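Chains as they are written, first to last, in my numbering: chain U, 3 to 428; chain P, 3 to 428.
Pasting the structure below:
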């Protein structure tokens, strides 16, 4: 890895560590969206934005935005961002690294005396992680017109609606149209990989090809809660027997689809519950939630058809009812913009960094942003792929390298997008 | 079914219904051992015992005992009993029917002017159902010398020890030897079947051949809680994948053993938990509890060997550790006494009742009593096999028929046991 980077790795690192200190002390690292700690973190961030010479505001969707006007504001905005909220007992890097990288890029630009034609915005999106209101990516949904009235009516702690919570953190749910943007020409996000591909291949950065679509399906099997001693096997209606066979089907079908390649496919049963959950009672009810992710929606279609069929067969074999087979959520994959990916790749090569294309198995604000503007992401390696946990770790050098890739790409894009704009205007 | 029975079916039924009324009104039918409601039920029972001419006491193991002295007390005791405690939200019959049947048999004997040579005792065993102290069959364990110091140190609500709870309900944990009996020559217990064999075959009574032994095994699989989006299938350590395959193995192996016949075998996974239980996290840990029951311990041995082997294979396939494979409890099957079974069978036939041998898949106080005296059980049909639930139901006629079988058998045994005693004395 090159060490002579066009920005200050120590200053970037110090920002990330400082923000990490703003945590629930009882369960580091926790800075849940909409909480007083989250607002404390944002106050600190806003001060940093202002100190870096950025005009700082909160838009009506609750996003914290720092803006550095370009020489030619009519060209529009190049935006860099991620999020500053965390999951409960999460890590120091997920989200925060991308916001801090944007901040450091602006500082480095100013210090080098570089003034871009495009306006630069650093965005701290509101509530990227699933919030207490049952919704993720609240801010990027709002900025892209995907935050609707039904979502705003979701309730969280104490019965507060998301609508009221949004108002409480400085947004305006009645003026969401003002948050919608058509002036952003490129969106770039740095994020830790949350996987082990970069680390295991000793790569410096990953250029994200596509962000997976996520389908969540709930299946409920309804049997009969009989006495585990007196009910012969042939007379049972054991809901867990059907659920367990379905877990095996999910793994088996997913392995088959993933092996077909080249598209990314994973599926997981992360939740499985049994009722009444007593050692001497045959399970009368079992519920499981499947999370299926892919860069190719055709694979999800095949997967859902196979699991629909096989779970019905398992229900029949166990003599139980498949009481529910419901899609809880269904997000489409988002392809990253080829031109932005190309700019990022060239930037990495210029910097002497080892890079590779790779898909993102996790959802990100960039997936929503891709609905309104060319978007792309840079992944940096994180130790053992661990994320959403206190041991989440990325090195100072890795983050600085990822930020430098975006820095160089922004300078290149400032020229190329402007040229393209002029060419189109001719 | 014969209707001219040697006892009063209405009076027996009225007792059961009256005791059922002594319940937690918020969740009928609940009369948990050691609670004020349980003691209220026992006060009512003790009054009934006394009204039937029984000398009533509570032994040092907390059993309520009503005694009718025989003409030749040296011959020893024929005991009849069951329990008056319930599971939470249980039924009106499980246990109670057996105590009420004993009471009615004594009343019928007295009304017919019959005086037996043997002393008769009606026993309401303490806490047959799993108590809040984590132990079942407290009273029958105490009467048979199977209640040890470790059990007495178990704690329940508010940290009270079982030792103190036993004292509170009239027992004496420091004098448990006094509860141990060597004078009981026969023990008979009436109970609802808690299964559907009698109902489905239109039988009046079941003569229990053997009470299953119960082995409980806990298995814990330890994997790694990884991101469900970013961790490729081949790199996962998914604990639920191993646990689900083990559930399938338990069912498969149990079906094979049960099909071999003639012995009874069932196995159940009634508890399965997943951690951290989030839709977007690969399960890092999964725990399951297996309940295996049989009348033939060799089958349990085969079962445990097969599950030990297969669960290790499933762990290896899922690349997780089988962190625990532990026997939580292991009770031996208890065979019912052939002579008592024979007496019950002849009694049923004399009464014109349809009977059949059948194993008991549930545990009962009779299993402990079989350690100190010849013991046997009569099952009566219950609707749809439902038990441990408010809808538990047995008909007035069914219970009276079962009680009549015991009534006739007691009279026959009073003669035959005495003869055997005289023959042995010659």
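Using N, Cα and C, we set each Cβ at its ideal position, and we do this for glycine too. The structure presented is a predicted model; accordingly, all values stated were derived computationally and were not measured.
{"Check": "Under 9 Å (Cβ pairs) to chain P, residues found in the region 187 to 200 of chain U", "Outcome": "195, 196, 197, 198, 199"}
{"Check": "When U/13, U/97, U/78, U/77 are compared against residue 40 of chain U, the one with the closest alpha-carbon", "Outcome": "U/97"}
{"Check": "Spatially closest choice to residue 312 of chain U from U/244, U/71, U/47, U/128, by CA coordinates", "Outcome": "U/244"}
{"Check": "Range covered by the alpha helix (DSSP H) that runs through residue 305 of chain U", "Outcome": "299 to 319"}
{"Check": "As assigned by DSSP and simplified to three states, the class of residue 353 of chain U", "Outcome": "coil"}
{"Check": "Under 8 Å from the C-beta of residue 390 of chain U: neighbouring residues of chain P", "Outcome": "229, 283"}
{"Check": "Residue range of the alpha helix (DSSP H) that includes residue 365 of chain U", "Outcome": "Looking at the DSSP string, residue 365 of chain U is not in any alpha helix (DSSP H), and its letter there is neither H nor E."}
{"Check": "For residue 337 of chain P, the three-state DSSP class (helix, strand or coil)", "Outcome": "strand"}
{"Check": "Alpha-carbon spacing of residue 504 of chain U relative to residue 232 of chain P, whole angstroms", "Outcome": "The first residue shown for chain U is 3 and the last is 428, placing residue 504 of chain U beyond what the model contains."}
{"Check": "Best match in U/82, U/234, U/86, U/140 for proximity to residue 120 of chain U [C-alpha to C-alpha]", "Outcome": "U/82"}
{"Check": "From U/425, U/384, U/380, residue whose alpha carbon lies closest to that of residue 410 of chain U", "Outcome": "U/380"}
{"Check": "Under 8 Å from the C-beta of residue 156 of chain P: neighbouring residues of chain U", "Outcome": "Simply none; closest approach about 17 Å."}
{"Check": "Close beta carbons around residue 215 of chain P, own chain, < 8 Å, minus the five adjacent residues each side", "Outcome": "295, 296, 297, 299, 302, 332, 333, 334, 335, 336"}
{"Check": "Proximal chain P residues relative to residue 270 of chain U, where beta-carbon distance stays under 7 Å", "Outcome": "230, 284"}
{"Check": "Selection of the region 250 to 269 of chain P by Cβ proximity to chain U, strictly under 7 Å", "Outcome": "250, 253, 256, 257, 260, 268"}
{"Check": "Residues that DSSP places opposite residue 88 of chain U in a beta bridge", "Outcome": "Answer is none; residue 88 of chain U lacks a bridge partner."}
{"Check": "Bridge-paired residues (DSSP) for residue 492 of chain U", "Outcome": "In the structure as shown, chain U starts at 3 and stops at 428, and residue 492 of chain U therefore has no counterpart that could be examined."}
{"Check": "Alpha carbon of residue 221 of chain U to alpha carbon of residue 247 of chain U, nearest angstrom", "Outcome": "12 Å"}
{"Check": "Check: residue 252 of chain P C-beta below 6 Å from any heavy atom of the ligand ZN", "Outcome": "Annotation note on the ligand ZN: not contained in the displayed structure, which lists no ligands."}
{"Check": "7 Å Cβ cutoff, residue 449 of chain U in contact with chain P", "Outcome": "No statement about residue 449 of chain U is possible, as the shown extent of chain U runs from 3 to 428 and does not include it."}
{"Check": "Residue 52 of chain P beta carbon less than 7 Å from that of residue 45 of chain P", "Outcome": "no"}
{"Check": "Local Cβ density within 10 Å of residue 1 of chain P, reported as buried at 16 or more and exposed below that", "Outcome": "Because chain P spans 3 through 428 in this model, residue 1 of chain P falls outside it and cannot be assessed."}
{"Check": "C-beta neighbour in chain U for residue 276 of chain P, strict 7 Å", "Outcome": "yes"}
{"Check": "Assigned exposure category for residue 1 of chain P - 16 Cβ within 10 Å defines buried", "Outcome": "Here chain P covers residues 3 to 428 and nothing more, so residue 1 of chain P does not appear."}
{"Check": "Residue ranges of each beta strand (DSSP E) within the region 46 to 122 of chain U, 3 or longer", "Outcome": "57 to 60, 66 to 70, 79 to 85"}
{"Check": "Validate contact between the region 343 to 355 of chain U and the region 271 to 289 of chain U using beta carbons, cut 8 Å, 3 pairs", "Outcome": "no"}
{"Check": "Neighbouring residues, chain P, relative to residue 247 of chain U (Cβ below 7 Å)", "Outcome": "250"}
{"Check": "C-beta neighbour in chain U for residue 273 of chain P, strict 7 Å", "Outcome": "yes"}
{"Check": "Terminal residues of the beta strand (DSSP E) in which residue 2 of chain P lies", "Outcome": "Past the edges of chain P, shown from 3 to 428, lies residue 2 of chain P, and the structure says nothing about it."}
{"Check": "C-beta neighbour in chain U for residue 290 of chain P, strict 7 Å", "Outcome": "no"}
{"Check": "According to DSSP, residues forming a beta bridge with residue 127 of chain P", "Outcome": "P/85"}
{"Check": "Classification of residue 144 of chain U by the beta-carbon crowding that lies within 10 angstroms, buried from 16 upward", "Outcome": "buried"}
{"Check": "Beta carbon proximity, residue 364 of chain P to chain U, threshold 7 Å", "Outcome": "yes"}
{"Check": "7 Å Cβ cut-off: residues of chain P touching residue 332 of chain U", "Outcome": "Going along chain P, no residue has its Cβ under 7 Å from residue 332 of chain U, so there is no contact; the nearest lies around 13 Å."}
{"Check": "Closer than 8 Å at the beta carbon, the chain U residues around residue 429 of chain P", "Outcome": "No answer is possible for residue 429 of chain P: the residues shown for chain P start at 3 and end at 428."}
{"Check": "Beta-bridge pairing of residue 277 of chain P - partner residues as DSSP gives them", "Outcome": "P/287"}
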